[in-house]
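The structure appears right after this line, and notes come after that.
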Amino acid sequence: MGLTSNVNESFKKHIYSIVTAAVIALLTFGYLSYVLPNNERKEDAKNISILEGIEKHLVGYIDDQVKYISEEKMKSLKLLQYKGSADVYIDTILIDKKGFKQLQDGTIKLSRTIKLSGKNIFFKNRKLEDSIIKDNISIDLAKFLNKINSTTHFTSFYICPIEKGKCRVEKSFLSQNVSLIDQDSLIKYNRKNGPFSFKKSSKHYYTDQINIPHTNHTLFLAAGIDKSAFDLNVRQINSNLLIFSLISIIVLILGINFIKPIISSYKERLSQIDLVGVVFSIGLLVAVIVVFAALSYWNNTIKTRNINDLELLVNKIDTSFKEQITAYQSWKKRDLLFGKEWKNQKNSFAKIFLVTGSKKTALNGELLTKKDSLPDDQKCFINGNTDFKKGTKNSKLIKYLDGYFRMDNKALITKNLSNNAPDISRKYADRMYFKALQQKNIENKKTDPVLTAVFSRENNRYQLIYAEKDTLKEINQESESNGIKGIAFREYFSNELELPPGTGYMLVDKDGDVLMQNDPKKNIYQNLLYVSQNNPVFISLLAGVDIPSFEMEYMGIPYQICAKKLNIKTESPVYILAIRDLSHTNRLSIFTFTNGFLISFLYGFFILLINYIYSTIFYNGRIGTLSKHHFYYLFPDSSRTTEYKKLLIVNCVSIVLALIVAFKSSPSLAFIFCIVLGVNVAFINLITLNIRTLNPKKELIKLVLILFLPAICLPMVLFFYYNVFIAALALLGTHILLIILYYKNWRKREKAELSVFAKKNKGVNRKAYTRFLTARLLYQFVVFPFVLVSAFYVNELNDFARYYCSSLDAKEQKIKDKNDFIIKDRITNAYNCNCKEQTRDQTNDQIMQKANLGFFDRPSSYEIKNFTFNELSRKYYLNLLAILHNENNNFSFLTLFFLLVTFFFLASLAYKLLNYYSNRFFFYDLMQAYYEKYYPCTKNELANDHIFIPMVNNYDIKKLIQIDHNSCEIQPDKRYTGNEDCPEREISIDQVFYKDKKNEISPYLRMDFILNINHKQFCEQYEDIWESLPEETQYVLFDFAQDHFVNYKNKDTLINLMERGIIDCHQLTGRLKMMSLSFRIFILSKSKRDELFVQKFKDESKNGTYSKLKFPIIIIAVSALVLLMYLNKDSYDQVTLMGGSVVTLLALINKILDANKSL
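If you read the sequence shown in the numbering used here, its first letter stands for residue 111, the second for the next number, and so on.
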């Protein structure tokens, strides 16, 4: 029974921890068994779609190589004679299915048959019998895969032929970064499509079988991605989800401090460190809200800026595209240009030359010389003296014209005016525009032109085709006269638009097929619907819904997209998509949130620490270095209502001043100014609330004026011209000198009795105190985090703009003729930055570039590799006002309005929380009741009504001496007759102090002497009072003696103690205190005299509701943090180091404060 009882008791005691552990185990199991495998499936699906794109391009690449005939081949096959001929053309090029030669060394060797048709040029009006030309070709697949390598995550490729259903390893002809063990495993599983992750392999493989076009042969293709990259993508969390998770963990950890004063049982202790922790937690809670809100505002601003940039880009492309097609169409209609040559039947196939004066140049700029072997009937001369004069738009557009063509109903090119020398005519029946338009010809339907594109895999270049029906009103719709005419061209804006990295554009048709994109290397992604997870917004756009802007995930990467229907006449709509990669913005969000919150936390801790150091200097020789009294100035003081009101003004002015400087200066200056101003205001608060003066307003103004030059202006100048370390020395040195040389000895200058200051106590001043403390928290945990986050954003965006604009400057320097650009506003803005300088930061110390705790790399460092510049400028193109500047004034107004609403909401939240928790720690109702003389009911005869403050003179200290009311007071000038304990002593302690004219005995030691004597003198009376109290009351009194704080749920016991006069209120501060210092020392001495009582007190304080809930909360927070570290292994070491350091530091401080029981 005893064992069972103990087990049940232990189970009840740890039920919260057990339930928490079970929940975490279930969540972990769910993550490992469902979430992680689901992420792996998504990643596999994405990579498989990429592999399918590779397969399609591989088939297309092989087909292109089969149909391509080089100049050397034409010469060896004696086909040069047919170039430019209207009588002979290539009918088909086929692969001999039985002519499969060899697959080795990354090369496919095939046999092909070239079939010529047409009229015999030697025998007029006689049909040429089908001419069959046999040929062998070699296709280098390694060259193709090298291109794929640079545009995907695939780093390994393996290809071998499939014969009789098996991979013929002996004929393997391509292996890149594939180990022999992996080769054996791939061959073993060649009939399966994967994915595969083999043991002891560093790769994750995807496989498939590909049929070589027009043959019976099959290739086995395996593509591998590094497992580390695969695992990283699988574990990767959405940036918004990561930030939300971090906020949840932070709030959970802060909740430990928030819930203790509320849910703790009456047995559990509440101490000064709990109060400091709650106030600090309120600040951190506000800070995390500010950081998140600032991120949201800035991300919204960036989104709006992105949309503005992309809309401008879309409009530029649309305008230039329409102008280009309109110009090409008009040239063909004009007889003085291409119209006459087009109608000239002698020049069915000709190369275009521009005639300007005596010069004849090809469209690519090459001069026509006498050595040119091109026949005269294959030359098309266009007068360029007027329409194509240098510097005009036409002179630019002509360079991008590939030619005008016509094909008959068999897809045979029958006429072609081109920028290249005429080639052998051939059929293009596989072209999409031919299939679409010829079907309309057959059905005799009216149709608009078709816009499509052809991609050259050899040159990584797009050629656009704008084609339309060309029916010459023949009755027979099968007549060769019923064909297609079109314009082949390259869009001119691609080479002349300056795009920031991550920004691009593409043309897509109604089916989602990509017709062209600005980066040809990404042509592997052919259809957006297949690689964007069927984005419903994109589907709606293709269905005809007008959606100008939306976000879409494309191949696992988030993009901001602006869309517009191309404003040209087409049978099927074509959409312009301007896109911007949001990875930079997501990295910036995570980087800023992590550094913003942690630096705000460290800044708050630094302010607390530096004030503690200042206080130890201020009270040196009067109270102990580790005394809890160093935080007392932060507690409510009923006699300082005037000071609170004046300091409220100072703190509010500092808030406004910090924001003005932040909005007007560069990020580094704004950040440093905010720190300098914050430290000075904290110093002003410390000094003002630790000295006593009859004219606090005058003293405050004097302090502000003293600090202005040496503590504000000087550090900023030193930072501007030197570095932050020298500025910090000047700032802290000024404060320390002021304390030592002036403020430390304020009591010597202030001759007024302390009772005069007690008259300022007009009862509880909760509103004045709470407003002051709220203003202080607003600066430290609202203004500073907002300025910090904004500085991070502005700095990173500005660095991106500096790289971009410096790169543009470098390009401009290389351009001799500035009129070489058609588009005047060719630059696409980077986050709405137009490369116009706003302000210049000339500080020698770029602090914002260094303000990184190292968890993540700076987002702009990811982008610098994308730029080329001679010298990086130090210009600032953006400042904090960028959050408000917008082309839409309504948006700017709304942003400002919501910023103000957020500020006042946070001010109200902080005020309400401070008001609520301060009442639970300070018992405002009991303080007010004592002020109104309701307590004590019976004044204890041993109570000491002296006014004690740490900064005292010898006269004030003398009041600490308590005299037994039954004896006569001993005067300093009368001879001391000794006492029972020490009959040989000839002098009293007050006489020792009286004769110490040189002040050899410090005030701190004088207090020790006095309290020791009082303790001995009244020990018996104190023991009687102690023994008269019930045990529960003794626990409460012992708890209160530690630091004058007690659990709010012991309020009834506290009232009883006040009724008996054992606890009363300080005449100056109005806060609750023991009836005398010596009685407090007597209570504290129980820790040495009555260890059994102290142990029982500690045991009782551990068995409360808070103690049971604290551990489960910590487990949940730590478990969530560990999971995030696992999902972000790149920052694991830094997180561990930082987290361990912070926890150790806080635990050490807590231990020191708890262990110290001094005044």
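Idealized CB from N, CA, C, for every residue including glycine.
If we call anything under 9 Å between Cβ atoms a contact, is residue i one with residue j?
i: R968; j: F701; result: yes
i: L898; j: G706; result: yes
i: I594; j: M517; result: yes
i: Y754; j: H740; result: no
i: P746; j: G1180; result: yes
i: I1225; j: A339; result: no
i: I782; j: F829; result: yes
i: K219; j: I200; result: no
i: G194; j: Y268; result: no
i: L204; j: H324; result: yes
i: L796; j: Y724; result: yes
Cα-Cα, which of the options is closest to residue i?
i: Q627; options: L652, Y685, S650; result: Y685
i: A1053; options: M1185, V624, N1160, S143; result: M1185
i: I172; options: I247, R151, S180, K152; result: I247
i: M665; options: A397, G163, L848; result: G163
i: V1156; options: D318, I205, S381, M184; result: S381
i: K426; options: S285, Y615, E182, I846; result: Y615
i: R536; options: Q549, N519, L547; result: N519
i: N875; options: I733, H995, I1224, S748; result: S748
i: I770; options: L758, I759, V760, C784; result: C784
i: L767; options: T751, N790, T752, R750; result: N790
i: F1058; options: T328, K506, H1176; result: H1176
i: N416; options: P610, L963, I1173, I359; result: P610
i: P820; options: L848, L796, Y831; result: L848
So, is residue i buried or exposed, given that buried needs 16 or more other C-beta atoms within 10 angstroms?
i: E1079; result: Summary for E1079: the model assigns pLDDT 42, below 50, so the residue's position carries little reliability, and this model does not support an answer.
i: T695; result: buried
i: I231; result: Residue placement at I231 cannot be trusted, given a pLDDT of 47 that sits under 50; what the coordinates show is reported in the next sentence. Classification of I231: exposed, given that the 10 Å Cβ count is below 16.
i: V176; result: buried
i: L1182; result: buried
i: V866; result: exposed
i: D558; result: exposed
i: F1192; result: buried
i: E476; result: exposed
i: G612; result: buried
i: K756; result: buried
i: N905; result: buried
i: L351; result: exposed
i: V1011; result: exposed
i: G275; result: exposed
i: L988; result: buried
i: C1129; result: exposed
i: G513; result: buried
i: Q549; result: exposed
i: V129; result: exposed
i: I1173; result: buried
DSSP beta-bridge partners for residue i?
i: F254; result: Paired residues: none, contrary to the question.
i: P271; result: L329
i: L471; result: Reading off the sequence shown, one finds Thr at residue 471, where the question assumed Leu. In DSSP, T471 forms a bridge with L464, L477.
i: K579; result: I594
i: K489; result: K461
i: N1157; result: Per DSSP, none; premise fails for N1157.
i: M626; result: L617
i: C943; result: A940
Which ranges does the alpha helix (DSSP H) cover as unbroken runs of at least 4 residues, wholly within the stretch 277–314, from first to last along the chain? 290–298
Could I get the ranges of all uninterrupted alpha helix (DSSP H) runs contained in the stretch 740–825, with 4 residues as the minimum, in chain order? 751–774, 777–798, 806–817
Which whole runs of the alpha helix (DSSP H) in the stretch 855–883 are 4 residues long or more, in chain order? 856–859, 864–868
Run through the stretch 365–399 for me and flag every whole alpha helix (DSSP H) of 4 or more residues, listed as ranges in chain order. Taking only runs of at least 4 residues, no alpha helix (DSSP H) segment lies wholly in the stretch 365–399.
Just to confirm the assignment: which complete beta strand (DSSP E) runs, minimum length 3, are found wholly within the stretch 117–179? none
What ranges does the alpha helix (DSSP H) occupy inside the stretch 1135–1206, keeping only unbroken runs of at least 4 residues that lie completely in it? If we require 4 residues or more, the alpha helix (DSSP H) runs fully inside the stretch 1135–1206 come out as 1141–1153, 1161–1169, 1187–1194, 1196–1199.
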